[in-house]
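Numbered per the numbering used here, the sequence shown spans residues 40 to 480.
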Amino acid sequence: MNAHRVDMLPRNDDTCGWANLLPPRPRPVRRVAGAMGFDWAIVGAGYAGLAAARRIAELAPGDTIAVIDAGRAGEGAAGRNSGFAVEISPSPRKKIGSPEAAYRKSIRINAHGLGLLRQAIDAHGIDCDWHQAGKHQAAAEPRHFARLDAFARHLDALGLPYRRLEAEELCARLGTSHYRRALLTAGTVLVQPAALARGLAMTLPDGVTLLEESPVESWSAGPPIRLSCPGGTVSAKRLLLATNAWLPRFGAFRNGLVSFTLTAGLTRSLTDAEHRAIGAPEPWGVISIHRFGATVRYTADRRILVRNSLEYWPRMAMTPAETAARLPGIEASFRARFPGLREVGFEHLWSGVIAASRNFSAGFGTIAPGVFAAGGCNAGGIARNTALGALLADHALDNRSDLLEAVRGLPPPAWVPPRPFLDIGAALDLRRRRRGLGAEF
Ligand SMILES: Cc1cc2nc3c(=O)[nH]c(=O)nc-3n(C[C@H](O)[C@H](O)[C@H](O)COP(=O)(O)OP(=O)(O)OC[C@H]3O[C@@H](n4cnc5c(N)ncnc54)[C@H](O)[C@@H]3O)c2cc1C
40 MNAHRVDMLP RNDDTCGWAN LLPPRPRPVR RVAGAMGFDW AIVGAGYAGL AAARRIAELA
100 PGDTIAVIDA GRAGEGAAGR NSGFAVEISP SPRKKIGSPE AAYRKSIRIN AHGLGLLRQA
160 IDAHGIDCDW HQAGKHQAAA EPRHFARLDA FARHLDALGL PYRRLEAEEL CARLGTSHYR
220 RALLTAGTVL VQPAALARGL AMTLPDGVTL LEESPVESWS AGPPIRLSCP GGTVSAKRLL
280 LATNAWLPRF GAFRNGLVSF TLTAGLTRSL TDAEHRAIGA PEPWGVISIH RFGATVRYTA
340 DRRILVRNSL EYWPRMAMTP AETAARLPGI EASFRARFPG LREVGFEHLW SGVIAASRNF
400 SAGFGTIAPG VFAAGGCNAG GIARNTALGA LLADHALDNR SDLLEAVRGL PPPAWVPPRP
460 FLDIGAALDL RRRRRGLGAE F
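If you want it as structure tokens, here you go:
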């Protein structure tokens with residue numbers, strides 16, 4: 040079988056603020072070296088890959104499993120995100136089937152992922168600021184209230200509880216008068232994502248070998264399946280691809296998953312006086328009801344996170360200069376929300392890559408004999424891709440369940456044209472969707 044060359048690799052620029060705030064790792068990095076052999080190879084040590092490894096170890100004890108990542112576990116998108124492990128998001132228009140049916144499915148998938156994460160952090164005492172603070176889905180301008188109303192109607196139809204918060208109460212809770220209205224749903228958990236992802240990677244079960252800083256440069260279908268890395272090769276009976284934005288680089292869901300690059304910044308910790316000046320709030324998280332609006336968090340260590348860009352970026356990784364060029368936009372969002380915190384600046388700035396599909400469906404299933412793939416997170420993969428990773432293991436082992444059937448029944452990611460048509464279409468589409476962003480930015 041011919042080798043499939045992986046034509047673009049992730050690059051760790053060591054800028055991830057969440058990762059840089061962590062204490063030194065408890066274990067050194069182990070790389071792919073020489074000729075290695077396992078029953079299972081999993082590529083990607085993010086939420087999907089780590090959950091898949093745990094599940095295979097549970098279902099097939101005694102099998103040997105390698106989890107291979109181009110970087111260090113917890114320093115890819117899994118550690119670079121805004122840390123909302125969401126239970127429910129507003130339904131985008133192009134959802135699959137009726138909105139309520141799509142909601143029900145996605146809530147079940149997210150709940151499964153949240154449950155698995157909770158199990159792992161409880162079992163291993165993973166310290167990741169896990170806090171069920173809920174999610175404020177907010178509008179900064181009345182012209183976006185209609186979007187909140189539509190979300191509320193879906194929540195009502197599903198019988199899901201929420202609280203509607205108006206400007207005054209929001210200001211008291213958040214310490215900013217920027218937002219005019221929000222729906223608070225209680226199930227979302229806020230986490231320090233790099234602490235969570237690293238914690239999951241450092242507590243993998245017996246039989247799982249973590250191999251980091253080992254980019255897979257090519258793979259070929261078996262038997263045996265072979266992966267080639269700079270330091271050596273890995274052969275395996277079965278292969279799980281859990282590389283999310285890089286799945287198309289492995290040949291999976293090539294005409295369905297599109298990568299986007301997001302940039303986030305994290306301030307220094309507020310002083311006691313600054314914390315009091317904004318009303319000494321508890322940690323909170325806000326996601327704009329406008330898909331391209333800012334995501335903002337107040338963290339347990341009193342930092343403010345702002346993530347306000349989502350860009351079609353075919354080269355995937357940004358250079359340091361490209362990331363730095365996003366800082367003025369992040370600062371503008373911050374100053375608009377906290378004009379009184381003039382002395383507070385951003386200590387960390389980073390970008391990360393995700394995969395999305397036009398119909399918001401995930402890629403999931405068998406892509407070649409013995410080769411399985413799952414991914415496509417639409418920027419909400421902490422809970423969702425944890426679930427998809429674990430379910431991919433069930434799928435590979437033919438361990439049936441209702442939830443697996445529900446995921447197998449998802450339509451594939453909707454077709455997108457190849458480049459350069461995709462570049463043109465994405466640029467036009469994003470420009471149109473960003474219109475009217477105003478104070479949501
Ligand atoms: C700035 C930002 C904010 C976000 N905010 C949120 C949020 O608040 N909530 C939420 O749920 N989601 C959020 N996301 C998305 C979330 O991070 C992803 O959904 C999640 O990380 C996907 O998990 P995964 O395991 O499928 O993929 P990833 O976490 O992307 O893991 C894939 C891994 O594959 C590895 N890999 C790729 N190619 C190769 C190769 N050739 N060889 C070896 N390894 C390879 C990568 O290094 C990576 O570690 C955000 C993302 C970003 C960037």
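All C-beta atoms, glycine included, are put in the ideal place defined by N, C-alpha and C.
CB-CB under 8 Å to Val484, same chain, minus the five flanking residues each way: which ones, in chain order? No answer is possible for residue 484: it lies beyond the span of the chain, which begins at 40 and ends at 480.
Buried or exposed: where does Ile343 fall if 16 or more other Cβ atoms within 10 Å of its Cβ makes it buried? Against the sequence shown, residue 343 aligns to sequence position 304. Looking at its Cβ environment, which holds 16 or more other Cβ atoms inside 10 Å, Ile343 is buried.
Relative to the C-alpha of Pro450, which candidate in His151, Phe292, Ala177 and Ala189 has its C-alpha closest? Here residue 450 refers to the residue found at position 411 of the sequence shown. Ranking His151, Phe292, Ala177 and Ala189 by Cα distance to Pro450 puts Phe292 first.
Identify whether His329 lies in helix, strand or coil by the three-state DSSP scheme. As a first step, residue 329 is located in the sequence shown; it is residue number 290 there, counting from the start. The answer is coil: DSSP assigns His329 none of H, G, I, E or B.
Please confirm whether Gly246 and Ala96 have their CB atoms less than 7 Å apart. On the sequence shown, residue 246 is found 207 positions in, with the first residue counted as 1. On the sequence shown, residue 96 is found 57 positions in, with the first residue counted as 1. In this structure, the beta-carbon distance from Gly246 to Ala96 falls below 7 Å.
State yes or no: is the C-beta of Gly173 within less than 7 Å of the C-beta of Thr224? Sequence index remark: in the sequence shown, residue 173 carries index 134 (1-based). Sequence index remark: in the sequence shown, residue 224 carries index 185 (1-based). Yes, these two residues count as a Cβ contact at 7 Å.
Mapping DSSP to helix, strand and coil, what is Tyr201? Counting from one through the sequence shown, the residue named residue 201 turns up at place 162. Tyr201: coil per DSSP, three-state reduction.
Val106 lies in the beta strand (DSSP E); which residues open and close that run? On the sequence shown, residue 106 is found 67 positions in, with the first residue counted as 1. Taken as a continuous stretch (DSSP letters only), the beta strand (DSSP E) holding Val106 covers Ile104 to Ile107.
Proximity of Phe299 and Ile393 at Cβ, strictly below 7 Å: The residue given as residue 299 occupies position 260 in the sequence shown. The residue given as residue 393 occupies position 354 in the sequence shown. If you check the CB distance, Phe299 and Ile393 come in under 7 Å.
Compare the Cα-Cα distances from Ser372 to each of Arg346, Ala360, Trp389 and Leu280 and report the closest residue. Locating residue 372 in the sequence shown gives position 333, where the first residue counts as 1. The residue with the shortest Cα to Cα distance from Ser372 is Arg346.
For Gly198 and chain C, any beta-carbon pair shorter than 7 Å? In the displayed structure, chain C is absent; only one protein chain is listed.
Exposed unless 16 or more other CB atoms sit within 10 angstroms - verdict on His217: Taking the first residue of the sequence shown as position 1, residue 217 is located at position 178. Burial call: buried.
Alpha carbon to alpha carbon, how far is Thr248 from Arg472? Give it in angstroms, no decimals. In the sequence shown, residue 472 corresponds to position 433, counting from 1. In the sequence shown, residue 248 corresponds to position 209, counting from 1. Their backbone Cα atoms lie some 43 Å apart in a straight line.
With DSSP run on the structure shown, which of helix, strand or coil describes Cys268? Within the sequence shown, numbered from 1, the residue matching residue 268 stands at position 229. In the structure shown, Cys268 sits in a strand (DSSP, three-state: E or B).
If you compare alpha carbons, which of Ala124, Ala74 and Pro65 is closest to Gly419? By 1-based counting over the sequence shown, the position of residue 419 is 380. Checked all of Ala124, Ala74 and Pro65; the closest Cα to Gly419 is Ala124.
Answer with buried or exposed for Ile463, where buried requires no fewer than 16 other C-beta atoms within 10 angstroms of its C-beta. Looking up residue 463 in the sequence shown gives position 424. Burial call: exposed.
Label His151 either buried or exposed according to how many other C-beta atoms from any shown protein chain fall within 10 Å of its C-beta, with 16 as the threshold for buried. On the sequence shown, position 112 is the one that residue 151 refers to. The C-beta of His151 has 16 or more other C-beta atoms within 10 Å across all chains shown, which makes the residue buried.
Should the region 194-214 be regarded as contacting the region 48-67, the criterion being three or more beta carbon pairs within less than 8 Å? They do not touch, by the three-pair rule.
Rounded straight-line distance, which links the Cα of Met241 to that of Trp79: Here residue 79 corresponds to residue number 40 of the sequence shown, with the count starting at 1. Here residue 241 corresponds to residue number 202 of the sequence shown, with the count starting at 1. Between Trp79 and Met241, the C-alpha separation is close to 19 Å.
Taking C-alpha atoms, which residue in Leu187, Leu194 and Leu467 lies nearest to Ala140? Locating residue 140 in the sequence shown gives position 101, counting from the first residue. Comparing alpha-carbon positions, the option among Leu187, Leu194 and Leu467 lying closest to Ala140 turns out to be Leu194.
Between the Cα of Val325 and the Cα atoms of Ile317, Val335 and Gly318, which residue gives the shortest distance? Residue 325 sits at position 286 when you count from the first residue of the sequence shown. Here the closest residue by C-alpha is Val335.
Can you check whether the CB of Thr282 is closer than 7 Å to the CB of Val82? On the sequence shown, residue 82 is found 43 positions in, with the first residue counted as 1. On the sequence shown, residue 282 is found 243 positions in, with the first residue counted as 1. Yes.
Whole angstroms are fine: how far does the CA of Ser348 sit from the CA of Gly477? For the purposes of this step, residue 477 is taken as residue 438 along the sequence shown, with counting starting at 1. For the purposes of this step, residue 348 is taken as residue 309 along the sequence shown, with counting starting at 1. Gly477 and Ser348 have their alpha carbons spaced roughly 14 Å apart.
State whether the region 312-322 contacts the region 271-282, with contact taken as three or more CB pairs (one from each stretch) at a distance under 8 Å. Contact between the region 312-322 and the region 271-282 is absent, because fewer than three Cβ pairs lie under 8 Å.
Quick one, are the C-beta atoms of Arg423 and Ile148 less than 7 Å apart? Start at 1 with the first residue of the sequence shown, and residue 423 comes out as number 384. Start at 1 with the first residue of the sequence shown, and residue 148 comes out as number 109. For Arg423 and Ile148, yes; Cβs fall inside 7 Å.
Quick check on Ile317: does DSSP put it in helix, strand or coil? One-based indexing of the sequence shown puts residue 317 at position 278. Look at Ile317 here: in three-state DSSP terms it is coil, with no helix or strand label.
For Phe190, count neighbouring C-beta atoms within 10 Å of its own C-beta (all shown protein chains included) and say buried if the count is 16 or more, exposed if not. Start at 1 with the first residue of the sequence shown, and residue 190 comes out as number 151. The residue in question, Phe190, is buried, as its Cβ has 16 or more Cβ neighbours within 10 Å.
Between the C-alpha atoms of Pro359 and Glu350, what's the straight-line distance to the nearest angstrom? By 1-based counting over the sequence shown, the position of residue 359 is 320. By 1-based counting over the sequence shown, the position of residue 350 is 311. Cα to Cα, Pro359 sits roughly 16 Å from Glu350.
Continuous beta strand (DSSP E) assignments of at least 3 residues falling wholly in the region 395-452: Here the runs fully enclosed are 402-407 and 410-414.
So what does DSSP say about Asn41, is it helix, strand or coil? Residue numbering aside, residue 41 sits at position 2 when the sequence shown is read from its first letter. Asn41 falls in the coil class under three-state DSSP.
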